[in-house]
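**Q**
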Amino acid sequence: HNGDGAPDLDPLDGGVQAECLFLLEAPGGKAVGSGFVSRNNPDETAKNFFQLNEQAGLPRGRTVVWNVVPWYVGTGTRIRAVTDADIQTSEPHLRELIRLLPGLRAVVLVGRKAQRVETIFERHPSCAVFKCPHPSPLSLNGRPEKRTEILGCLKAVAAHLATPTRS
360 HNGDGAPDLD PLDGGVQAEC LFLLEAPGGK AVGSGFVSRN NPDETAKNFF QLNEQAGLPR
420 GRTVVWNVVP WYVGTGTRIR AVTDADIQTS EPHLRELIRL LPGLRAVVLV GRKAQRVETI
480 FERHPSCAVF KCPHPSPLSL NGRPEKRTEI LGCLKAVAAH LATPTRS
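Okay, so the sequence shown: first residue is 360 according to the working numbering, each after it adds one.
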């Protein structure tokens, strides 16, 4: 566990070998509890994300999941929305993470808050940027087209990773 209270990367994911970075908004209480940003955490968002990745055929070992704001923003009982100030404060941490991922070929900005950092990737022409809705129950419940949109995005990422890199 880092001193700043940010959960660690999931050891079941690709780590520094990852070619695809998923960026969500901020870790929820379950990530803080487990100590990992993981699609195996016991919450509906993680479960949805796990299932959608499986359906898209996106190999977990080629991906890593992180948050634009890597630490918990909220009180013990309730998470609050990420602010622009939170995003600015955490930007150096995101830049550091990108430096640790030399094989990065794709980044998926998951949800509107994550999509605010798109400009960070303008200096990484070898890295394709994808955007999709957040896989939270709030986003998906009652709107099946959102699930279809996420699945389409993940399939596009899988296809992108399946194409050989130009050396």
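No residue lacks a Cβ here, since even glycine has one placed at the ideal position from N, Cα and C.
Note that this is a predicted model, so its numbers are computed, not measured.
(1) Considering just the uninterrupted stretch of the beta strand (DSSP E) at Val428, what are its terminal residues?
(2) Pick helix, strand or coil for Lys490, following the three-state DSSP scheme.
(3) Tell me, to the nearest whole angstrom, how far the beta carbon of Lys472 is from that of Val424; I am working on the premise that it is less than 8 Å.
(4) Beta carbon of Arg421, beta carbon of Leu520: below 8 Å?
(5) By DSSP's criteria, Asp367 is part of a beta bridge. Which residues make up the other side?
(6) So Ala465 packs on Val432, CB below 8 Å; how close in whole Å?
(7) Identify whether Leu513 lies in helix, strand or coil by the three-state DSSP scheme.
(8) Check the DSSP bridge columns for Leu382 and list the partner residues they point to.
(9) Going by beta-carbon coordinates alone, are Leu510 and Leu411 separated by less than 8 Å?
(10) Do Val467 and Cys512 have their beta-carbon atoms positioned less than 8 Å apart in this structure?
(11) Name, in chain order, the residues that DSSP records as bridge partners for Ile479.
(12) Can you name the residues that DSSP bridges to Ile438?
**A** Taking the structure as given:
(1) Element bounds for Val428: n/a, residue is neither H nor E.
(2) It is a strand residue.
(3) A Cβ-Cβ distance of about 15 Å is found for the pair Lys472 and Val424, leaving them out of contact under the 8 Å criterion.
(4) For Arg421 and Leu520, yes; Cβs fall inside 8 Å.
(5) In DSSP, Asp367 forms a bridge with Phe395.
(6) Going by Cβ atoms, the distance from Ala465 to Val432 rounds to 26 Å, so no, they are not a contact pair.
(7) Helix, per DSSP.
(8) According to DSSP, Leu382 shares a beta bridge with Trp425, Leu468.
(9) With a cutoff of 8 Å on beta-carbon distance, Leu510 and Leu411 are scored as near each other.
(10) Closer than 8 Å, so yes.
(11) Bridge partners of Ile479: none, in fact.
(12) Partner(s): Gly433.
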